[in-house]
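Residue numbers (the numbering used here), protein chains in the order written: chain A, 1330 to 1668; chain B, 1330 to 1668; chain C, 1330 to 1668; chain D, 1330 to 1668. Structure record follows, encoded as structure tokens.
Protein chains: 4
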Amino acid sequence: CENLEVLVKAFSSSFIIPDFRGFCHHLDQIYNSCKNNTNGKVASYIPQLARLKSEHWAVSVCTVDGQRYSNGDVNVPFTLQSCSKPLTYAMALGLNGTDTMHSYVGMEPSGRYFNELCLDYNNKPHNPMINAGAIMTAALVKPHLSAADRFDFIFNMYRRLAGDEFLGFNNAVFLSEKECADRNFALAYFMRENKCFPEGTRLHETLDFYFQLCSLEITAESGAVMAATLANGGINPLTGDPVLTVDAVRNTLTLMHSCGMYNYSGQFAFKVGLPSKSGVSGCVLLVIPNTMGICLWSPPLDNNGNSCRGVQFCMELVSRFNFHNFDNLRGQYTTKFDP
Amino acid sequence: CENLEVLVKAFSSSFIIPDFRGFCHHLDQIYNSCKNNTNGKVASYIPQLARLKSEHWAVSVCTVDGQRYSNGDVNVPFTLQSCSKPLTYAMALGLNGTDTMHSYVGMEPSGRYFNELCLDYNNKPHNPMINAGAIMTAALVKPHLSAADRFDFIFNMYRRLAGDEFLGFNNAVFLSEKECADRNFALAYFMRENKCFPEGTRLHETLDFYFQLCSLEITAESGAVMAATLANGGINPLTGDPVLTVDAVRNTLTLMHSCGMYNYSGQFAFKVGLPSKSGVSGCVLLVIPNTMGICLWSPPLDNNGNSCRGVQFCMELVSRFNFHNFDNLRGQYTTKFDP
Amino acid sequence: CENLEVLVKAFSSSFIIPDFRGFCHHLDQIYNSCKNNTNGKVASYIPQLARLKSEHWAVSVCTVDGQRYSNGDVNVPFTLQSCSKPLTYAMALGLNGTDTMHSYVGMEPSGRYFNELCLDYNNKPHNPMINAGAIMTAALVKPHLSAADRFDFIFNMYRRLAGDEFLGFNNAVFLSEKECADRNFALAYFMRENKCFPEGTRLHETLDFYFQLCSLEITAESGAVMAATLANGGINPLTGDPVLTVDAVRNTLTLMHSCGMYNYSGQFAFKVGLPSKSGVSGCVLLVIPNTMGICLWSPPLDNNGNSCRGVQFCMELVSRFNFHNFDNLRGQYTTKFDP
Amino acid sequence: CENLEVLVKAFSSSFIIPDFRGFCHHLDQIYNSCKNNTNGKVASYIPQLARLKSEHWAVSVCTVDGQRYSNGDVNVPFTLQSCSKPLTYAMALGLNGTDTMHSYVGMEPSGRYFNELCLDYNNKPHNPMINAGAIMTAALVKPHLSAADRFDFIFNMYRRLAGDEFLGFNNAVFLSEKECADRNFALAYFMRENKCFPEGTRLHETLDFYFQLCSLEITAESGAVMAATLANGGINPLTGDPVLTVDAVRNTLTLMHSCGMYNYSGQFAFKVGLPSKSGVSGCVLLVIPNTMGICLWSPPLDNNGNSCRGVQFCMELVSRFNFHNFDNLRGQYTTKFDP
């Protein structure tokens, strides 16, 4: 039925990107420009990530009315890593509501200096986009279910987000993450010492669940559908499935906007001005609200831990189109395209 | 001529807020609801501010196509104080360009803990919305002019922003600010010690200029026009005058969004999701990009230094209308109005 | 033979405290004065400590030439807790030397603000008197031995320190400490993440060893002998056994002086001016270098975690006698006694 | 009369350093060893300091019973700079008492990270050995006197400290310091903003007074007498003049011990273990309590701002003699000399 909707719109030319073919031509140019970027180094803290090829480069787009664009290695699976943080947060918001969620985790950037302090002035992790906050978020997803049922539940939610496109689980990555998790264990113990967790939280099970979320696999194509669901107020644009609540999406986009790109978040908000989240596998989920979701994937990372080609793509996209959060959409004086 | 434009639009019913009358009815309700809020305390660090009456309450709106709404003490003059920071920053961007500006001042929230550190890891003030950054911004406005010409220049810019509506200068406030400026002197000396300023900067003249900017007077009505100019990509919606560049406006809105409400900025971005700036006189400039500018004024301040009634107004407005930066505009499931 | 030495000295009246009887009279007065102090609260983070009676109050003195004074509950066993830190550090120095030890742990106070940061600017724990540094110190004691042999080794060292006076092990405390050790687990994982430990360190075994050191039991009497051994350059004044090296003692006294009393260390160094270490069991080891060791024990703790009666005793002692590190010993104008 | 005392002691061989000739032979060796050290750079923030010759090297000793040793440029005047801090603090203690003084300034090291924060958790400058605390100390010296009388008063106190040996005032340095004082102005304004100063403090006059104290001139010889007065409980060993109270001396030595060598203070306390204070002119005042005062002078500074030759001298001295604060004085096993 969604195909029908696409057809209807196509004929009525009421698509959100009316000239999609022209737009794709721009995307091709940016894709090729970024391909030449050989900066950065593949993450190496676990062997499974170190083995990723630095040549991989994939861009996939899905608009809120279902138009698609894909270029490069868009069907190669990779793990979500930190890109799972906003998605799990959005699901947890739906389960708990904003107030309950944010009685356990903050809603603000942590300030670039103080990554080492895992708690804010209220003794909460700063926000759900950093490890401490994401561990807390994991603790708030169906804590009373068995480990197996909990994983089933969240896997099903992710599948709905992806509209039944590719979703996998990389057990080798999970086992490696668990093995190399000194920092996450430290954060979890600090939080438990500070009585941050809801009563009854099982620390090791929570961490296992968190590592499992990081080890979910997507492709650039299925990732684009996930991002598009965020762009579309929580309704999967391909299936029409209302996966996430509008409140959850608003909160998630807000925190992706302010905290999604590690220590580069402040500069990214200034220069690109779009909600996004990156992960050490080289993935970037980029959301253009009310318009489209984009999934970028290229393993080499810059010093901030963001995909080099991914960041370059975002910069070039925003320099061509009026997608910056605070681009003026009415200005007769702008030099940017309105696609 | 702008009146003509309004007329034409009125007849073609192509206004940005088609049912402006209905919208105003909502605004009346919110105005009255906030009027009952007797929280907060008027700023008292200088006698001129301490004398402000806590009953004052004004709301004025100007849309990007020139429709107006005003309620309360909208013609009582008050000083801009920190609300001058984004405006001067926008003007300085036009003079210097983004790159030059941001070689002297940062573009990120400072993190709530570290107000006391006036410089970021690059030895720059964190952003133009805090005192250190605003003093730096003042230093970058026509530094080679004489003090008198410099003031004339900026006063004229502000007048264009306000579309020739009320703009004044409160000399008593200026003299008091200058007298009670230990912190600003400390910040300026620290920055000079760290060689932050452009060569040739005269410290005391720069501070005088900064205090003068804080002492400019507006009314809620003229402030709404200023905010509307920001909402309209820098073009004054009443006069059509291109006062600010589109780049300047994008940058300014970005930093108002992340840093405009003192220590409450992070929470405001989460809950309200709109660019805004508050000042100790009780003023809040609120921008709904591509839609309207709003000026709120009520002297009693909360612990963060933001107008109590002003913050409440923003909250209620966003709970009724889909104005939050990341509100979904397509969602059939939303419970908010699209005015 | 040591008794012979005491006898000889007694007849030649060459004791370090010539009028020991008069000195003891002062000690009685101070003991009684502190007895009335009912401030503070017994530690409660583990039940074994919470059960300590707040009435317990013991003072025991042992001079460097073997004279003894005891008052109160001087034969009631209690756990060393943090008072084990300087002692284990001194032993580890003997095993590793100053340079090797301090390539793993710092030598400076951490600054009172930043307890939460477990590592200094060189990525080492700040000093051996705080938990992170004491865990590191434990890791440096005979790491290649089996857990049993390692405990045997250190127990024997402690026994020599105490000159065969009481030394025990409280297994219930050990098990409780291990159970309630979120913070210590967090510190250990953070240090491992930062590659602080020597290669081959087994994290859980190291923590177990650290908890065992905290669970060693002394009495005020045996504790005074330990402190006297520190006062006497590492040679047990009762047995003549050279338990610790002179370098180890110098370093240990230096760090007890600057870092021994938790967040009160700076003020204690200023007001009392003597090397000391306190523990949550209510113990204070106080060293008057070249003169005597003192063990104070009283469970109620102040906000800094130091024994209330213990701190009061130190204050009164130093106000009567010229024991402050920087008291002038030649001054004809002083109002303090030279015992 | 003091000469008579020296004579009497000489015949009775009861000097504090019985074999002074042998001791001086050691000092000659250390002097020459340090002379070869060509590390470091002369301070250059004001031209008057930049002009100092890096070859200058002077060591002067004065024992608490008046024996003297001098080697090198011991009669060349240089400014005290930060070496005035402990001396003015000691005088201010005599005027105000410990409690009043320390209601305005702290008594603890600031922690090496946070030099930028000029105030401690109680909103006081951390201690009198850092700039903020020394400015506060200056504010507490006879604040009600005229500027001229205030200077006369303190100059006379310094003259008594030096036992009428050389004391001068370098007006060119004073004027330069005043000119290049952005940091000190910043600190003073921050403290005034935080209401740190006693009521009635005149900020600019206080800073002038502080700069004057930094600009007092001594020679290594007169500096050694000043240090010896501190070693001798406040009584000038040459004149018998009770310049400072015993309490003032105890407090001063305590803070020189913990905070006297800038960011190297913690390491210096560990490795050298003696109260000392350095200044950017290349001066180090070193106190061996109850024994002697030493003044070292050599302009090239290390990265911490301490005289390179000065620090080396202290290290070598303590490696030969049992002068470390916590050296065991009874140990038959020590390898150090007891002079």
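Backbone N, C-alpha and C define an ideal beta-carbon position, used for all residues, glycine too. The model shown is predicted, which means the values in this text are computed figures rather than measured ones.
Backbone secondary structure at residue i - three-state DSSP
| i | result |
| --- | --- |
| Phe1443 of chain A | Caution is warranted here: a pLDDT of 48 is assigned to Phe1443 of chain A, below 50, making its placement in the model unreliable, and no coordinate value can be reported. |
| Lys1425 of chain D | Note on identity: in this sequence residue 1425 of chain D is Asn, with Lys being the wrong assignment. Asn1425 of chain D: helix per DSSP, three-state reduction. |
| Leu1356 of chain D | helix |
| Ile1564 of chain C | strand |
| Ser1594 of chain B | helix |
| Ser1383 of chain B | coil |
| Gly1569 of chain C | coil |
| Val1539 of chain C | In the sequence as displayed, the identity of residue 1539 of chain C is Tyr instead of Val. The answer is helix: DSSP assigns Tyr1539 of chain C an H, G or I state. |
| Pro1415 of chain A | helix |
| Asn1361 of chain B | helix |
| Glu1534 of chain A | helix |
| Lys1471 of chain C | coil |
| Val1434 of chain B | coil |
| Pro1376 of chain B | helix |
| Phe1652 of chain C | coil |
| Val1601 of chain A | coil |
| Phe1344 of chain C | coil |
| Arg1659 of chain B | coil |
Residues sharing a beta bridge with residue i, DSSP
| i | result |
| --- | --- |
| Val1616 of chain C | C:Gly1622 |
| Phe1514 of chain A | Partner(s): none; Phe1514 of chain A has no beta bridge. |
| Lys1370 of chain C | C:Leu1630 |
| Thr1392 of chain A | A:Met1621 |
| Thr1408 of chain B | B:Glu1546 |
| Pro1668 of chain C | Looking at the DSSP assignment, Pro1668 of chain C forms no beta bridge with any residue, so it has no partner. |
| Leu1298 of chain B | Within the shown structure, residues of chain B are numbered from 1330 to 1668, placing residue 1298 of chain B beyond reach of any answer. |
| Gly1497 of chain A | A:Glu1546 |
Limits of the unbroken alpha helix (DSSP H) element including residue i
| i | result |
| --- | --- |
| Asp1485 of chain A | Before going further, note that residue 1485 of chain A is Asn rather than Asp in the sequence given. From DSSP, the alpha helix (DSSP H) with Asn1485 of chain A extends over 1476-1490. |
| Arg1579 of chain A | 1575-1588 |
| Lys1507 of chain C | 1500-1508 |
| Asn1460 of chain C | 1460-1468 |
| Cys1525 of chain C | Neither: Cys1525 of chain C is in no alpha helix (DSSP H) and is coded neither H nor E. |
| Gly1639 of chain A | 1637-1649 |
Range covered by the beta strand (DSSP E) that runs through residue i
| i | result |
| --- | --- |
| Gly1401 of chain C | 1397-1401 |
| Ser1610 of chain A | Element bounds for Ser1610 of chain A: n/a, residue is neither H nor E. |
Any chain F beta carbon closer than 7 Å to residue i
| i | result |
| --- | --- |
| Arg1521 of chain C | As a matter of chain content, chain F is missing from the structure shown, whose protein chains are A, B, C and D. |
| Do the segment 1625-1645 of chain A and the segment 1592-1608 of chain A touch if we need at least three Cβ pairs shorter than 8 Å? | yes
| field | the segment 1370-1382 of chain C / the segment 1419-1439 of chain C touching (three or more Cβ pairs under 8 Å) | value | no
| query | Are the segment 1538-1545 of chain C and the segment 1391-1405 of chain C in contact at 8 Å, needing three or more beta carbon pairs? | reply | no
| Touching by the beta-carbon criterion (3+ pairs, under 8 Å), the segment 1501-1512 of chain C and the segment 1463-1471 of chain C | no
| query | Would you say the segment 1540-1556 of chain A touches the segment 1485-1498 of chain A, given that touching needs at least three Cβ pairs under 8 Å? | reply | yes
| Looking at C-beta atoms only, is the number of pairs between the segment 1574-1586 of chain B and the segment 1642-1657 of chain A that lie closer than 8 Å three or more? | With the cut-off at 8 Å, the segment 1574-1586 of chain B and the segment 1642-1657 of chain A touch.
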